[in-house]
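Numbering (full-length UniProt numbering), first residue to last: 1 to 535.
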């Protein structure tokens, strides 16, 4: 039969935020006081003391006394007062009086403050020449999901390791072009498999989005969701000059994952899928899927694992399966013995339900879940499963989903449901197998909460306990010295990340100071043998 698509389109319309700020300002910092040599608020010291709260390349600095008086009105002489170095008032340089007590704040580039980040994209792998995640290709494959003028780019391996730690050499790595790692450029090893995400100008995220429209269906010539027809039928609901378009099936599957060929896919024209242009077959086939390799326990390409890693891309009850090697050899021609089984339950997290459908909708974002349930799920899941709290699979509810992927999580927005409301959902994640074949370090407690707070940063711990912690942990756990999990203390944490460590700042607490914490890390299997030999 002919492969059909039931499509609906969403148009992203500019929010007209003309003159949006191109800069951002940090909070005020008061690291030092004028006792001793003077008041030294140097950028290098502030970056160490307040990791993540100040950009490394400020474009401006503002200085005032702790009472709010501008520094220029105090009569002090300043040894340092610029954005690249910070601020220093030295008592020995003053004529009559000592330095006043100052505080500083910095102006950073927009990309430091922008919260407008895309999802993670992985369009290529390093098998054929290298890993090419170029912006031009991504814009074509994911229309409307990436701004054409990103101001920042972040690159990491599929396991979550920052690109800078892999040892690869990169031919392209900038926001305007994207990312490229070429195998021929490497010295000893080939490129790793990378994914990228972009930081966009705030105006890209502050655009407004229409509701979903489904004007036509694929009976007859095909599915025609043309803009001029939609404007005629919904004159007050769509702008005449949209700047982006998004298309998905009525079940929520992105159009580019269906395998259909599109005649029109343009925000100023709309969307057209013509039946005659589709490839004919006796059944509807998915793309080839390769989720595992035989390096560990074997090659596990089970349906339940595939449905978690490729949500909404495989039907719940397939009627046939075709299996080949990566080179194309049919399985009947190999000497392997095949066993079919379920996934290992220890790879899958518990169910999480942090939100409900009241308000704007049900938001089960991975970033929120990691904060609320530290240590209970991995930071780099490879699959996601969603169902209602009564156990009904998400794809059977009829809801339209705004987000449904393992790197971001899940979101169902009430405004997108055409007058209906989202169900109350719960999610669970599939974690990399390496997480469960890993090992944990001993507990470390290098700091206490006296002073500014409790700082258990990874780079400090690596220096103080060489050889006892891996440089690339995949998980972190924190608890008080009495054994209470950090999540139960009521403290607010500035840093809680396996690649950064743990920080609790006293000033950020609502009622009391930070507890005294200790941390331990989960390391990849390659580090475990080394750790065992030391133990």
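Where a beta carbon is used, it is the ideal one built from N, C-alpha and C, also for glycine.
Please read all numbers here as calculations on a predicted model, not as lab measurements.
Other residues of its chain near residue 539: CB distance less than 8 Å, five sequence neighbours each side excluded:
With the chain represented from 1 up to 535, any question about residue 539 goes unanswered, as that position is not in the structure.
In angstroms, rounded to a whole number, what distance separates the CA positions of residue 42 and residue 60?
14 Å
Endpoints, the alpha helix (DSSP H) within which residue 202 is located
Counting along the chain, the alpha helix (DSSP H) containing residue 202 begins and ends at 202-205.
Which residue marks the beginning of the beta strand (DSSP E) containing residue 479, and which one marks its end?
Counting along the chain, the beta strand (DSSP E) containing residue 479 begins and ends at 475-480.
Go through its chain and collect everything with a Cβ distance to residue 264's Cβ below 8 Å, but skip five positions before and after it.
226, 270, 271, 272
Residue range of the alpha helix (DSSP H) that includes residue 46
43-49
Do you know whose CA, among 237, 482, 507, lies nearest residue 494's CA?
507
Whole beta strand (DSSP E) elements within the stretch 205-263, 3-residue minimum:
You should have 222-226, 244-249.
Cα separation between residue 73 and residue 63?
11 Å
Tell me the DSSP secondary structure of residue 423 in three-state form.
coil
Measure the alpha-carbon distance for residue 253 versus residue 244 and round it to whole angstroms.
18 Å
Unbroken beta strand (DSSP E) run spanning residue 135, endpoints
Residue 135 -> not in any beta strand (DSSP E); alpha helix (DSSP H) instead, spanning 135-141.
Hey, out of 262, 324, 527, 411, whose CA is closest to residue 473's CA?
Comparing Cα-Cα distances from residue 473 to each of 262, 324, 527, 411, the minimum goes to 527.
Short of 7 Å in beta carbon distance, which residues of its chain neighbour residue 355, apart from the five on each side in sequence? Order them along the chain.
362, 363, 364
If you reduce the DSSP assignment to three classes, tell me which class residue 396 lands in.
helix
Does DSSP put residue 117 in a helix, in a strand, or in coil?
Strand, per DSSP.
Could you give the residue range of the alpha helix (DSSP H) that holds residue 326?
Residue 326 -> no alpha helix (DSSP H), and no H or E assigned at all.
Hey, out of 394, 379, 421, 24, whose CA is closest to residue 406's CA?
Residue 379 is the option with its Cα nearest to residue 406.
Residue of 464, 404, 260, 165 minimising C-alpha distance to residue 277
260
Separation of residue 455 from residue 57, as counted between CA atoms
Those two C-alpha atoms are separated by around 23 Å.
Just confirm the distance between the C-beta atoms of residue 103 and residue 29, as a whole number of angstroms; I'd bet it's less than 8 Å.
6 Å
When you compare only the Cα positions, how much space is there between residue 116 and residue 420?
28 Å
Report the three-state DSSP secondary structure of residue 444 (helix, strand or coil).
strand
Please report the distance separating the alpha-carbon of residue 519 from that of residue 100.
39 Å
Let me know the alpha helix (DSSP H) ranges lying completely inside the UniProt domain "WxxW" (118-200), each 4 residues or longer, listed in chain order.
135-141
Could you check how far apart the C-beta atoms of residue 449 and residue 513 are, in whole angstroms? I think they sit under 8 Å.
5 Å
Check whether the Cβ atoms of residue 360 and residue 413 sit closer than 9 Å, and answer yes or no.
Yes, the Cβ-Cβ distance between residue 360 and residue 413 is below 9 Å.
Where does the unbroken alpha helix (DSSP H) through residue 82 begin, and where does it stop?
Where residue 82 is concerned, there is no enclosing alpha helix (DSSP H), although the beta strand (DSSP E) it sits in stretches over 80-82.
Quick check: what's the CA-CA separation for residue 255 versus residue 214?
14 Å
Please state whether DSSP places residue 460 in a helix, a strand or coil.
helix
Tell me the DSSP secondary structure of residue 493 in three-state form.
coil
For residue 388: DSSP bridge partner residues
425
Residues sharing a beta bridge with residue 61, DSSP:
106
Could you tell me which residues DSSP pairs with residue 410 in its beta bridges?
364, 404
Rounded to whole angstroms, what is the Cα-Cα separation between residue 192 and residue 293?
15 Å
Under the rule that 16 or more other beta-carbon atoms within 10 Å means buried, what is residue 70, buried or exposed?
Burial call: exposed.
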